Amino acid sequence: MSNETHASGGLLESGLEGLQHNFLTGSLEYLVKWARRHSVMPATFGLACCAIEMMAAGGPHYDLARYGMEVFRASPRQADLMIVAGRVSQKMAPVLRQIYDQMMEPKWVISMGVCASSGGMFNNYAIVQGVDQIVPVDVYAPGCPPSPETLMHAILTLHHKIEHGELMRRPGQGAGIVIEQLGIDGPVPVSLGRS
Amino acid sequence: MTVTHDPAAARTSEGAQELTSRDIVSAIERLHELGAVLRLSEAGALEAERDRTPDDETMIINMGPQHPSTHGVLRLMLELQGETVLRCKPVIGYLHTGMEKTGEQLSYLQGPTNVTRMDYASPLFTELAFSMTVEQLLGIEVPERAVWIRMLMTEMNRISSHLLFMATNGMDLGAVSMMLYGWREREETLRFLQEVTGLRMNHNYIRPGGVAADLPDGWRDGVLRLLDMLPGRLAEYDTLLNGQPIWRERLQGVGVITTEECLALGITGPILRSTGYSWDLRRDMPYLAYDEVEFDVVVGSYGDAFDRYAIRLAEIHESMRIVRQCLERMPAGDYRIQDKKVTPPPRARIDESMEALIHHFKIFTEGFKVPEGEAYVAIESPRGELGCYIVSDGSANPYRMHVRAPSFINLQSLPHLMHGGLVADAVAIISSVDPILGEVDR
Amino acid sequence: MSEETAVDGADAPAEEAVVVTETMFGVPVLHSGGQVVLHPTREGYPGLLRDLHEDGFHSAVDLCGVDFLTHPGRDLPAGVTAERFEVVVNLINHRNRSRVRVRLQVPEGDPVVPSATSLYPGLDAPERETFDMFGIAFDGHPDLTRILMPEDWIGHPLRKDYDIGRIPVQFKEAPAVRR
Numbered sequence: 379m380s381n382e383t384h385a386s387g388g389l390l391e392s393g394l395e396g397l398q399h400n401f402l403t404g405s406l407e408y409l410v411k412w413a414r415r416h417s418v419m420p421a422t423f424g425l426a427c428c429a430i431e432m433m434a435a436g437g438p439h440y441d442l443a444r445y446g447m448e449v450f451r452a453s454p455r456q457a458d459l460m461i462v463a464g465r466v467s468q469k470m471a472p473v474l475r476q477i478y479d480q481m482m483e484p485k486w487v488i489s490m491g492v493c494a495s496s497g498g499m500f501n502n503y504a505i506v507q508g509v510d511q512i513v514p515v516d517v518y519a520p521g522c523p524p525s526p527e528t529l530m531h532a533i534l535t536l537h538h539k540i541e542h543g544e545l546m547r548r549p550g551q552g553a554g555i556v557i558e559q560l561g562i563d564g565p566v567p568v569s570l571g572r573s
Numbered sequence: 236m237t238v239t240h241d242p243a244a245a246r247t248s249e250g251a252q253e254l255t256s257r258d259i260v261s262a263i264e265r266l267h268e269l270g271a272v273l274r275l276s277e278a279g280a281l282e283a284e285r286d287r288t289p290d291d292e293t294m295i296i297n298m299g300p301q302h303p304s305t306h307g308v309l310r311l312m313l314e315l316q317g318e319t320v321l322r323c324k325p326v327i328g329y330l331h332t333g334m335e336k337t338g339e340q341l342s343y344l345q346g347p348t349n350v351t352r353m354d355y356a357s358p359l360f361t362e363l364a365f366s367m368t369v370e371q372l373l374g375i376e377v378p379e380r381a382v383w384i385r386m387l388m389t390e391m392n393r394i395s396s397h398l399l400f401m402a403t404n405g406m407d408l409g410a411v412s413m414m415l416y417g418w419r420e421r422e423e424t425l426r427f428l429q430e431v432t433g434l435r436m437n438h439n440y441i442r443p444g445g446v447a448a449d450l451p452d453g454w455r456d457g458v459l460r461l462l463d464m465l466p467g468r469l470a471e472y473d474t475l476l477n478g479q480p481i482w483r484e485r486l487q488g489v490g491v492i493t494t495e496e497c498l499a500l501g502i503t504g505p506i507l508r509s510t511g512y513s514w515d516l517r518r519d520m521p522y523l524a525y526d527e528v529e530f531d532v533v534v535g536s537y538g539d540a541f542d543r544y545a546i547r548l549a550e551i552h553e554s555m556r557i558v559r560q561c562l563e564r565m566p567a568g569d570y571r572i573q574d575k576k577v578t579p580p581p582r583a584r585i586d587e588s589m590e591a592l593i594h595h596f597k598i599f600t601e602g603f604k605v606p607e608g609e610a611y612v613a614i615e616s617p618r619g620e621l622g623c624y625i626v627s628d629g630s631a632n633p634y635r636m637h638v639r640a641p642s643f644i645n646l647q648s649l650p651h652l653m654h655g656g657l658v659a660d661a662v663a664i665i666s667s668v669d670p671i672l673g674e675v676d677r
Numbered sequence: 803m804s805e806e807t808a809v810d811g812a813d814a815p816a817e818e819a820v821v822v823t824e825t826m827f828g829v830p831v832l833h834s835g836g837q838v839v840l841h842p843t844r845e846g847y848p849g850l851l852r853d854l855h856e857d858g859f860h861s862a863v864d865l866c867g868v869d870f871l872t873h874p875g876r877d878l879p880a881g882v883t884a885e886r887f888e889v890v891v892n893l894i895n896h897r898n899r900s901r902v903r904v905r906l907q908v909p910e911g912d913p914v915v916p917s918a919t920s921l922y923p924g925l926d927a928p929e930r931e932t933f934d935m936f937g938i939a940f941d942g943h944p945d946l947t948r949i950l951m952p953e954d955w956i957g958h959p960l961r962k963d964y965d966i967g968r969i970p971v972q973f974k975e976a977p978a979v980r981r
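Taken in order, these protein sequences are the chains called A, B and C.
Everything in the first sequence is counted per this note's numbering, starting at 379 for the first residue and increasing by one.
Everything in the second sequence is counted per this note's numbering, starting at 236 for the first residue and increasing by one.
Everything in the third sequence is counted per this note's numbering, starting at 803 for the first residue and increasing by one.
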């Protein structure tokens, strides 16, 4: 494992070009992010149809075990990823928040399926129109239900986000993305965030 | 005269011969006085716990709604004395989606997309119940090929639903490898369903008037591939589970219910059949073409969780028999009724005929109007009697759409199954009832 | 088409009435799609259920409610006044393999119906659901509380004057309520 070279972006490239770092002297931040990305433990939060596809993703055909994620931790204290799979009803919303609060930092949320992402086809009194009204979401996986491949793409996106995102990011500070919208008088910067 | 518990008689083609009101009445009395159902609201339970003195021997604990052993978001309030469950109250509503209200806003053609998400383990059945109710209101009859396609697809769905039961039942009892085997087989079945309907789940394939599309070329190979593969795998489950002492001890004698209690509670499906009572809507009140195919109705004898598991395993075999007969006898013809007012015209005709274009437009935007009336049609889903009650006011949307979900009624048996058992058996019992919370809460 | 079991009430005498109402068990009958639909009064409802139970309808299939606020004119036999709510009970007879439906009219001002749980314990949960969704109370039910909505929810969602609760979505051209 020594003498492993990695072209990690940002920190190293700007200052010390061409320096080959080996594993022992790699930056701590990189190590921590690498470890977190490879040991994500999902918590069971299967609610409806998407739960069946989530279980199928853990099954032998689509095999989440290749990421070490096939064991869904029952206790939220032991998990760091909550995959909200299914529609969240009014009665379930406080429970969702309670389970999310019980998880330890760092924690991530994948909103699986359109019902969790936006209320889906149920735009009515009974369903919360998007779990991002209750918990901050990192990755949205669309589909009704998303096939296990879509879920795995979402998980890989999350892995990428963990490995290349900011270490000390706390949910609630916003994604920090600024885009430009063409207004009447010229471009207007619009900052997207998460509350 | 008593309800026959004679296993031999129960397995005859005539089914249970005699029925008496006397035993039913005593069962009703027994259900009421047994007091297995905990009649406390959530606030009341909190109060009871707060006021509990240390001398009290019973305590009320809460299991769920987020728990790895429940089949979805089911919450159980259990009154325990030590490890023994005295009374229990299932609290549901955590997945209430307002589907019946949503159904009133959608047209009849969009109805199957809504109801298919109720029982998400066997979605084609709810679509079938809805479509058959609408067809009864319309007074139309679907062509023969459509009937046989529906039968083929629903029996395939029954196989995949029972495989899901095998997998989750195994996992709930700790046999995690059963989970992997069940999903392995289920994926093959879903592959066939995807070939035909385009989706792995929530297919929206069975619509009023027939089915959405014809079977693709080469569907026979898909079916044969499954029929060749499954028996060997099911024999593996048999070897793995049926003879295993741990499996037997965990399931035999656990969660026993009697026939009279089932009938009084309105419970249908494998739970009713496990008590020795032979009632299956496919044979006793046939719909589609079930009176033309040969299959057996599997009946248990002891009414316990092992019987329910064994019944579902055997029902997979019976479904394979029906699928084989559908394969051999699939008639040629239309896959949906050619009534312009109900089903859209074939896509190719839209380019040729203005009338076809207008009909297609009107059916998909406005929807077709259904004459005034009300109808209730029930079918046999993997969980029991699944019925759909629609009241129509003559417009293009159902005025009232209600689905009689088998799991909703079957959940009422939980207190009676758990009474006097251990907490550890609670998981096995819930798993053997096989509820799908999507249709419980709708 | 109709499976007539022991008929307690005779057909209305032809000399008197202009309209002959078919009755069974003493209550007016309609036929809908091959099934018998009975229309008792609220007072006659428990007695009718007992008669049906005696006759072999040992299993209750389902109980649901319907709100006819926006569709008052519907098909009912003569002598049955239409009210705002209806409670619909489906029963099944395994011996005859027949079904029967009971439609009970429930007025808006007094939405109370005798509970059937003493005779059919399986209607416990459906009656709670009907109470939750429509506000129809069942007299004699052991535990009449909300079952699907949270216990402190206000309003009865399946009533026609309860809004569906849509939030506005991006494509405003699509109307919220299809008509």
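Built from N, CA and C at the ideal position, the CB exists for glycine as well.
Bear in mind that the values here come from a model prediction, so they are computed numbers and not experimental data.
Query	Result
Hey, which unbroken runs of the beta strand (DSSP E) at 3 residues or more fall wholly within the region 902-935 of chain C?	914-916
At the level of alpha carbons, what is the spacing between residue 391 (chain B) and residue 428 (chain B)?	8 angstroms
Which residues in chain A sit within 8 angstroms of residue 464 (chain B), going by Cβ to Cβ distance?	The premise fails here: residue 464 (chain B) is roughly 14 angstroms from chain A at the closest Cβ pair, so nothing lies under 8 angstroms.
For residue 457 (chain A), count neighbouring C-beta atoms within 10 Å of its own C-beta (all shown protein chains included) and say buried if the count is 16 or more, exposed if not.	buried
How should residue 410 (chain B) be labelled, buried or exposed, when 16 other C-beta atoms within 10 angstroms of its C-beta is the threshold for buried?	buried
Whole angstroms is fine: what's the gap from residue 585 (chain B)'s alpha carbon to residue 599 (chain B)'s?	13 angstroms
Tell me whether residue 522 (chain A) sits in a helix, a strand or coil according to DSSP, three-state version.	coil
Is the beta carbon of residue 437 (chain B) less than 8 angstroms from the beta carbon of residue 351 (chain B)?	yes
Is residue 602 (chain B) near residue 631 (chain B), with beta carbons less than 8 angstroms apart?	yes
To the nearest angstrom, report how far apart residue 510 (chain A) and residue 531 (chain A) are at their CA atoms.	20 angstroms
Below 8 angstroms CB to CB, which residues in the same chain sit around residue 467 (chain B) once its five sequence neighbours on both sides are set aside?	none
Please go through the same chain and pick out, in chain order, the residues whose beta-carbon is closer than 6 angstroms to the beta-carbon of residue 450 (chain A), but skip the five residues on each side of it.	420, 422
Where does residue 340 (chain B) sit, in a helix, a strand or coil, going by DSSP?	helix
Roughly how many angstroms separate the alpha carbons of residue 325 (chain B) and residue 855 (chain C), rounded to a whole number?	28 angstroms
Does the Cβ-Cβ distance between residue 676 (chain B) and residue 397 (chain B) come in under 8 angstroms?	no
What three-state label does DSSP hand residue 815 (chain C) in the structure shown?	Because the pLDDT at residue 815 (chain C) is just 40, under 50, the model does not fix this residue reliably, and the point stays unresolved.
Going by C-alpha to C-alpha distance, which of A:467, A:441, A:483, A:409 sits closest to residue 955 (chain C)?	A:467
Any Cβ of chain A within less than 8 angstroms of the Cβ of residue 432 (chain B)?	no
Run through the DSSP bridge pairs and tell me what residue 324 (chain B) is partnered with.	B:312
How close, in whole Å, do the beta carbons of residue 645 (chain B) and residue 490 (chain B) come, if the pair is a contact with beta carbons under 8 angstroms?	That pair is no contact at about 12 angstroms.
Would you say residue 971 (chain C) faces chain A, with C-beta separation under 8 angstroms as the test?	yes
Using the C-alpha atoms, what's the distance from residue 437 (chain A) back to residue 356 (chain A)?	Absent from the structure is residue 356 (chain A), since the part of chain A shown begins at 379 and ends at 573.
Check whether chain B comes within 8 angstroms of residue 847 (chain C), counting only Cβ atoms and requiring the distance to be less than that.	no
Quick one: list the residues of chain A neighbouring residue 967 (chain C), beta-carbon separation under 7 angstroms, in chain order.	502, 503
Suppose you measure from the CA of residue 564 (chain A) to the CA of residue 972 (chain C); what does that come to, to the nearest Å?	24 angstroms
Would you say residue 336 (chain B) faces chain A, with C-beta separation under 8 angstroms as the test?	yes
For residue 906 (chain C), which residues in the same chain have their Cβ closer than 6 angstroms to its Cβ, ignoring the five residues on either side in sequence?	847, 889
Does the pairing of the region 311-326 of chain B with the region 427-446 of chain A give three or more beta-carbon distances under 8 angstroms?	no
Please check if any C-beta of chain C sits within less than 8 angstroms of the C-beta of residue 371 (chain B).	yes
Between residue 598 (chain B) and chain C, is the shortest Cβ-Cβ distance under 8 angstroms, so that the two count as touching?	no
Assuming residue 829 (chain C) is part of the beta strand (DSSP E), what are its boundary residues?	829-834
How about residue 402 (chain B) and residue 613 (chain B): are their beta carbons less than 8 angstroms apart?	no
Check this for me: beta carbons of residue 434 (chain B) and residue 384 (chain B), under 8 angstroms apart or not?	no
Can you tell me which residues form a DSSP beta bridge with residue 451 (chain A)?	A:421
Quick check on residue 539 (chain B): buried or exposed, where buried means 16 or more other Cβ atoms within 10 Å of its Cβ?	buried
Compare the C-beta of residue 468 (chain A) with all C-beta atoms of chain C and state if any pair is closer than 8 angstroms.	yes
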